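Here is the structure we will look at, set down as C-alpha cells.
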Amino acid sequence: MNKLNRKETPAIKDPIHYSFQLKPYTHYLLANGISVYSIHAGSQEVLQIELVYSAGNCFEKKKGLAAATNFLLKNGTSTLNAFQLNEAFEYYGAYCNRSCYNETAMISLHTLSKHVVKMLPLLKVMLSDSLFLPEELEIYKQNSKQRLKVNKQKADFVATRLIDSYIYGPEHPYGVYTEPEDLDAITVEDCRQFYNDHYLKGHCKIFVCGNLPDNMSLMLNEVFGKLQNVISPLALPDIQATPAQEKKYRIENDPKAVQGAIRIASPFPNRHHPDFQKVIVLNTLFGGFFGSRLMSNIREIKGYTYGIYSYLQNHLQQSAWVISTEAGKKVCEATINEVYLEMKALRENTIEEEELLLVRNYMLGNILGELDGPFHLMAKWKNIILNNLDENYFYDSVETIKTVTATELQTLAVKYMQPELFYELVVY
Amino acid sequence: MIQFEAFTLANGLRVWVHQDKSTPMAVLNVLYDVGAKDENPEKTGFAHLFEHLMFGGSKNIPVYDEPLQNAGGENNAFTTNDLTNYYCQLPAENIETAFWLESDRMLSLAFSKKSLEVQRKVVCEEFKEHYINKPYGDVWHTLRTLAYKQHPYRWMTIGASLKHVEDATLEDVKAFFFKHYTPCNAIVVVAGNIDTEQIRSLSEKWFGPIPPGEKYNRNLPKEPEQTTKRFQEVKANVPLDALYKCWHISSRMDQRYYTADLISDILSGGGSSRLFQSLVKEKQLFSNIDCYHLGSTDAGLLTIEGKLVKGTGMKEAEAAVMEEINKLLQEGVTESELEKVKNKTESAMAFEDMSVMNRAASIAMYALLGDADLINTELSKYQAVTVEQIREETKRIFREENCSTLHYLSNQP
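Going down the list, the protein sequences come from chains H and L.
First residue of the first sequence? That's 771 in the numbering used here, and the numbers climb one at a time after it.
First residue of the second sequence? That's 53 in the numbering used here, and the numbers climb one at a time after it.
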C-alpha cells in the first residue's frame, strides 16, 4: 500500500459539473378553483399541508391586525373552543401552526400520514368558522405586549425593526412595526372583518407534500372545495417605500450593554431584476456563508464578533441588501469600518478565480442539499410560485452560479456596494 | 426501521454506516465522548472553546473549511455538557474529502497560537451575545449552581465565567486534545448515498493509521440526593418577573427517564397541555409557561419556567403552579392523556428522522449511550409507560425537598 499523503486533497467532482433537476409538482384545482400544488415522495410516513392566503400585513388597516387574525384562527370556532381544537390536533401528534408575512399568511399542518383524514376537518372549521372571541383577543394582546416588552430590551430585535423602518418607511408593510398601543387598538370586529375579507372570501393556494394517501385530492376537494374563496390573488395595495433621509444612526437601548447590534442595509430590487441572481453570488462571497470575506476577516481574523452575515431579504415586491452582526461595544465602529473596506476591495479588485470557484461549488452543493426530500423541494417550488416565477428561474440561477464572471461581479460591486447607498445603525 | 451496520477499527474507532440511496448527499458525523462535564472546575468552558479551535487548522491541512466548501459541503459542530459533535454534509461522491479533513484533525491539530487568541475573543463575544447582553441570559448559570452541588452539570457549557475562557492557554489545549480527541473516545457515523464496503475502506485508509490513544475513564462526582428544598431570589434588569422550579430526575438510560419525559409533555406540550390551559388561558397568571428537561446523560432536571403577567404576585403565581402539580400527584393522568403524549412522541420522532443529517446525529448519540438501535426501539420504551408508572414517578419527582426554586424579579418600574 502506498504511504498515505495527508497533504494532498482527495480528488473531487466539482459541483459546477453537476446537472440539476427540479423535480416537478402535480397541479390540480378544487371544485371552487383553489389551486393545489402537490409532491408525493419521502420515506417517512409523514406529510405537510400549507394553506397560503392573501392575508399578509400589507392588507391591514390597523397595525398588527393581520398577525392577530392569523394567530386567533386556532382559538375557537362555534363547534370547538381553543382548548378542544388544540387537543384534537395534539391527540394525534399533529402540529398546526400559523404564520403571517407581508403579502401572505399561512396555516400549516404537519402530521403522520395515517391521521390526515382526521386533521383536515379541523383545518376546515378554523378557516370557515372561527369566532374571534373577545376573551381570546384580550389574552393574545396581553401576552403579545409582554413578549414585546422583553424583546425591546434585546438590541438585535430593536435593530431589526428600526433598519427596516429606515429603508422602507414606517408606513410601508415591510417597515412597519407594532407598539403596545397598536395592539390595544385592535377589536374583535376588526379581526372578523379581516377574516371575512382575507380568509373566508380571500384567495388561497394549497401546497401539500410528503407521503400522501392515494385519495389526497378527493379529500382536499371534499374539505376545501366548497369554500367561497376567490380564484385570483387579491391585488396588492400600492404602497410606496419612503426611505428615511438620515442614513446613520447610533441608538442607546440599554446603558449597560456589552455589545452593539449592527445593521448596514441598502434598498435593492426584487427577484425579477436582471441583477438579482448575480448579486446572490456576490453576496455569498461577501457575507453569505461561513467562508465569506466578512466572516473570515471580522470573526476569524479580528475576533470582533461571534458571527457576521449579509443577505438579500426575501420580499416579493422589493428587497434590501443587509449586513447584520452583534459585536463587542468597543469594536462596533471598527467592525463597520471593516465592512466598508471589504466593499471597497470588491469594487477595486477582481475576484480571483480560485475563490470564485469555491463559492460556486459551495452554492451548488448547497442547492443539491436543498432539493433533498419532499419538504425541501416544496419549499423551493413555493418560493418560485409565490414570487410569480417559473422553473426557469431555478435553472437560470444554477446557470448564473456556474458562469457569472469575476468582471461582472466587480461591475455589480461598483454599482451596488457604495457606502453612501447604505443605511447604518448600531443599537447598544 | 432505520438500517445501519457497524464495525470497529484496530485502533478502537467505532464506525456506523447508514445507507439512504434516495438522497444525493452524504453526512460524516464525528462525535467525541467529551463535554463540559469533563472540565476542570477552575477551567470551565474549555470543551466548547476547544470545539472552535478544531476549525483552526490541523497537522497537514492549514484550513478546514475551504476544501470542504470547494467540494460543495458545509459543516458545523456543537458542544453540550455531555458531548462534542462535528458534522459535515456534502455531495455523496465527494465523501472522501470529509474523511480526509476529519481524520487529519483527529490525528493532530495545528495548535496555532493565533487561532487560540482569536477564538478566545470569538467565544467571549458568543458568551456576551447569549448570556450577558440578553434579558434572562444568566438564568441557567444561577439554576445550575443552585440545583447541582457536586456534579459538573453545575456549570454551563459556555463556561462559569468569561475569565475561564480568557485564561485558556495553549498547554491546556494540547493536554485536552491528547486526552479526549482519540479514536477510542470517538464515534463516527456515515450516512446517505454511500456503501458500507466503500466506507469501511475509506475508514481504514484515513482513520486506521491514527494511534488509538488512551481510553478516557470518566469518574465524575455523583450528585448527592437533595434533601432540603432550595431557594434563591435574584433582582435583575428585566421587564417581567419570572419563576423557575427544577426537580432532579433520573439519568438518560434509566427507564424512568421516559416516564419523566412524558410527564413534561403532559404539563406543557402545546395548547392543550395542563399548565398552559390552566395558568395562561384560564387564570391568566403567566404570559407563557413551559416544562422541559435537557435530555442529559447523567441525572437531569425537570424544569418549569414561566413569565408572570405584570401585576401578578410571585406568591400567587407559584401557588397556582403547585396546585397543578398537586392535582397531578393526587389525580394522576387518564389513559387518553397518556395516549396523547405518546402519539406526540411518535410523530416528533418521525419528523426528526426525515433528514439524513438528523439520522446520522441520532445514531451517534444513541451509540454514545451504548445502544445505537435505540433509534428504532426507543419509541417502544415510551409506549410501555403506564398510568401507574406516571403516578409513581410524579411522586418521586415532585417532592418538596427535591426542588430548587428561583424567583427572578424585575427591578424595572
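Glycine is no exception: its CB is placed at the ideal position from the N, C-alpha and C atoms.
Bear in mind the structure is a predicted one, so any value in this text is a computation, not a measurement.
**Report entry** Partner residues on chain H for L:Ser339, Cβ-Cβ distance less than 8 Å
**Finding:** The residue given as residue 339 of chain L occupies position 287 in the second sequence. Result: Gln912, Asn913, Gln916, Arg917.
Query raised in the report: Between which two residues does the beta strand (DSSP E) carrying L:Ile246 extend?
Result: The residue labelled residue 246 of chain L in the question sits at position 194 within the second sequence. For L:Ile246, there is no enclosing beta strand (DSSP E), as DSSP marks it with neither H nor E.
Query raised in the report: Is L:Phe403 close to chain H, meaning its C-beta is less than 7 Å from at least one C-beta of that chain?
Result: Taking the second sequence and counting its residues from 1, one reaches residue 403 of chain L at position 351. The C-beta of L:Phe403 comes closer than 7 Å to at least one C-beta of chain H.
Query raised in the report: Rounded to a whole number of angstroms, what is the C-alpha to C-alpha distance between H:Val920 and H:Asp934?
Result: Locating residue 920 of chain H in the first sequence gives position 150, counting from the first residue. Locating residue 934 of chain H in the first sequence gives position 164, counting from the first residue. Our two residues, H:Val920 and H:Asp934, have alpha carbons roughly 20 Å apart in a direct line.
**Report entry** Residues that DSSP places opposite L:Val69 in a beta bridge
**Finding:** Position 17 of the second sequence, counted from the first residue, corresponds to residue 69 of chain L. DSSP output for L:Val69 lists L:Glu57, L:Val242 as bridge partner(s).
**Report entry** Environment of H:Ile1106 [buried if 16+ CB atoms lie within 10 Å]
**Finding:** The count along the first sequence starts at 1 and reaches residue 1106 of chain H at position 336. A buried status is given to H:Ile1106, since no fewer than 16 other beta-carbon atoms sit within 10 Å of its beta-carbon.
Requested in this report: Spatial neighbours of H:Ser914 within its chain, please: CB distance less than 6 Å, with the 5 preceding and 5 following residues excluded, ordered by chain position.
Outcome: Counting from 1 along the first sequence, the entry for residue 914 of chain H is found at position 144. Apart from sequence neighbours up to five positions away, the residues of its chain that approach H:Ser914 with a beta-carbon distance below 6 Å are Leu953, ordered along the chain.
Query raised in the report: Could you check where the beta strand (DSSP E) with H:Gln1029 kicks off and where it finishes?
Result: Along the first sequence, read from residue 1 onward, the residue named residue 1029 of chain H stands at position 259. 1029 to 1038 is the extent of the beta strand (DSSP E) around H:Gln1029.
Query raised in the report: Along chain H, which residues have their Cβ under 7 Å away from the Cβ of L:Met374?
Result: As a first step, residue 374 of chain L must be located in the second sequence, where it is residue number 322. Within chain H, no residue comes near L:Met374; the closest Cβ sits about 22 Å away, beyond 7 Å.
Report task. Could you tell me the distance, in whole angstroms, from the CA atom of H:Thr1173 to the CA atom of H:Glu1112? Result -> Along the first sequence, one-based indexing puts residue 1173 of chain H at 403. Along the first sequence, one-based indexing puts residue 1112 of chain H at 342. One C-alpha to the other measures close to 23 Å.
Query raised in the report: Helix, strand or coil for L:Arg282 per DSSP?
Result: One-based indexing of the second sequence puts residue 282 of chain L at position 230. Here L:Arg282 carries a strand assignment [DSSP, helix/strand/coil].
**Report entry** Residue range of the unbroken beta strand (DSSP E) whose run includes L:Leu80
**Finding:** Reading the second sequence from its first residue, position 28 is the one you call residue 80 of chain L. Here the beta strand (DSSP E) through L:Leu80 covers 77 to 84.
Report task. Indicate whether L:Gly384 and L:Arg443 have their beta-carbon atoms separated by less than 7 Å. Result -> Within the second sequence, residue 384 of chain L is the residue found at index 332, counting from 1. Within the second sequence, residue 443 of chain L is the residue found at index 391, counting from 1. Contact: yes.
Query raised in the report: Out of H:Trp1091, H:Thr1054, H:Gln923, which has the shortest C-alpha to C-alpha gap to H:Gln1029?
Result: Indexing the first sequence from 1 puts residue 1029 of chain H at position 259. If we check each option's Cα against that of H:Gln1029, H:Gln923 comes out closest.
Query raised in the report: Given L:Leu153, which residues of its chain have a CB within under 7 Å of its CB, disregarding the five upstream and five downstream residues?
Result: Here residue 153 of chain L refers to the residue found at position 101 when the second sequence is read from its first residue. Around L:Leu153: Ile113, Tyr116, Pro119, Leu120.
Report task. Determine the direct distance from the alpha carbon of H:Leu1055 to that of L:Leu142, and round the result to whole angstroms. Result -> Taking the first residue of the second sequence as position 1, residue 142 of chain L is located at position 90. Taking the first residue of the first sequence as position 1, residue 1055 of chain H is located at position 285. Distance between the alpha carbons of L:Leu142 and H:Leu1055: 19 Å.
Query - Contacts around H:Asp899, its chain only, beta-carbon distance under 6 Å, and the 5 residues preceding and following it disregarded - result: As a position in the first sequence, residue 899 of chain H is number 129, starting the count at 1. Only Thr847, Ser848 meet the Cβ criterion.
Requested in this report: On a CA-only basis, which of H:Thr1177, H:Tyr1081, H:Glu908 is nearest L:Lys333? Give me that one, please.
Outcome: In the second sequence, counting from the first residue as 1, residue 333 of chain L sits at position 281. Considering only alpha carbons, the answer is H:Glu908.
Report task. State yes or no: is the beta carbon of H:Thr1170 nearer than 7 Å to at least one beta carbon in chain L? Result -> Sequence index remark: in the first sequence, residue 1170 of chain H carries index 400 (1-based). Proximity of H:Thr1170 to chain L, defined by a Cβ-Cβ separation below 7 Å, is not satisfied.
Report task. Go ahead and pull the three-state DSSP assignment for H:Met896. Result -> Counted from its first residue, the first sequence places residue 896 of chain H at position 126. Correct three-state label for H:Met896: helix.
Query raised in the report: If you run the structure through DSSP and keep just helix, strand and coil, what is H:Phe1056?
Result: Within the first sequence, the letter at position 286 stands for residue 1056 of chain H. Secondary structure of H:Phe1056 (DSSP, three-state): helix.
Query raised in the report: Using DSSP with H/G/I as helix, E/B as strand and the rest coil, what is H:Asn856?
Result: Taking the first sequence and counting its residues from 1, the one referred to as residue 856 of chain H is at position 86. Three-state DSSP puts H:Asn856 in a helix.
Report task. With DSSP as the reference, label H:His1085 as helix, strand or coil. Result -> By 1-based counting over the first sequence, the position of residue 1085 of chain H is 315. Annotated three-state conformation of H:His1085 is coil, per DSSP.
Query raised in the report: Which two residues bound the contiguous alpha helix (DSSP H) that contains L:Ala227?
Result: As a working mapping, residue 227 of chain L is identified with position 175 in the second sequence. Note, L:Ala227: alpha helix (DSSP H), 222 to 232.
Query raised in the report: Taking the Cβ atom as the reference point for each residue, do H:Gly995 and H:Ala801 lie within a distance shorter than 7 Å?
Result: Position 225 of the first sequence, counted from the start, is the residue given in the question as residue 995 of chain H. Position 31 of the first sequence, counted from the start, is the residue given in the question as residue 801 of chain H. Cβ distance < 7 Å, so H:Gly995 and H:Ala801 count as in contact.
Requested in this report: Would you kindly work out how many angstroms separate the C-alpha atoms of H:Val1197 and H:Leu1082, rounded to a whole number?
Outcome: Within the first sequence, residue 1197 of chain H is the residue found at index 427, counting from 1. Within the first sequence, residue 1082 of chain H is the residue found at index 312, counting from 1. Between H:Val1197 and H:Leu1082, the C-alpha separation is close to 21 Å.
Query raised in the report: Which residues in the same chain have their Cβ closer than 7 Å to the Cβ of L:Val217, if we skip the five residues on either side of it in sequence?
Result: Numbered from 1 along the second sequence, position 165 holds the residue referred to as residue 217 of chain L. Gly97, Leu101, Arg172, Val175, Cys176, Phe179, Gly211, listed in sequence order.
Requested in this report: Confirm, please, whether the CB-CB distance from L:Asn245 to L:Thr75 is below 7 Å.
Outcome: In the second sequence, residue 75 of chain L corresponds to position 23, counting from 1. In the second sequence, residue 245 of chain L corresponds to position 193, counting from 1. Taking 7 Å as the cut-off, the beta carbon of L:Thr75 is found closer than this to the beta carbon of L:Asn245.
Query raised in the report: L:Tyr156 versus chain H: which residues are under 8 Å apart at the beta carbon?
Result: In the second sequence, the residue the question calls residue 156 of chain L occupies position 104. For the record, residue 156 of chain L in the displayed sequence is Asp; it is not Tyr. Neighbours of L:Asp156 on chain H, chain order: Arg776.
Report task. Report the option in H:Val978, H:Leu855, H:His810, H:Trp1151 whose CA atom is closest to the CA atom of H:Ser878. Result -> For this step, residue 878 of chain H is matched to residue 108 along the first sequence. H:Ser878 has its Cα closest to that of H:Val978, out of H:Val978, H:Leu855, H:His810, H:Trp1151.
Report task. Would you grab the beta carbon distance between H:Ala1176 and H:Thr1120 for me? Rounded to a whole angstrom, and I think it's under 8 Å. Result -> As a working note, residue 1176 of chain H is residue 406 in the first sequence. As a working note, residue 1120 of chain H is residue 350 in the first sequence. In this structure H:Ala1176 touches H:Thr1120 by the C-beta definition: roughly 5 Å separates them, less than 8 Å.
Report task. Quick one: residues in its chain with C-beta nearer than 8 Å to the C-beta of L:Gln336, no 5 flanking neighbours on either side, listed in chain order? Result -> On the second sequence, position 284 is the one that residue 336 of chain L refers to. Hits under 8 Å: Val361.
**Report entry** H:Thr796, buried or exposed, once every other Cβ within 10 Å from all chains shown has been counted against 16
**Finding:** Taking the first residue of the first sequence as position 1, residue 796 of chain H is located at position 26. So H:Thr796 counts as exposed.
**Report entry** Interface partners of L:Gly124 on chain H, CB under 7 Å
**Finding:** Numbered from 1 along the second sequence, position 72 holds the residue referred to as residue 124 of chain L. The answer, in chain order, is Pro785, Asn1131, Tyr1132, Leu1134, Gly1135, Leu1138.
Requested in this report: Can you grab the Cα-Cα spacing for the pair L:Tyr309 / H:Gly1077, in whole Å?
Outcome: Position 257 of the second sequence, counted from the start, is the residue given in the question as residue 309 of chain L. Position 307 of the first sequence, counted from the start, is the residue given in the question as residue 1077 of chain H. In a straight line, the C-alpha of L:Tyr309 is about 36 Å away from that of H:Gly1077.
Query raised in the report: Taking the beta strand (DSSP E) that H:Gly980 falls in, what are its first and last residues?
Result: Locating residue 980 of chain H in the first sequence gives position 210, counting from the first residue. For H:Gly980, the enclosing beta strand (DSSP E) starts and ends at 974 to 980.
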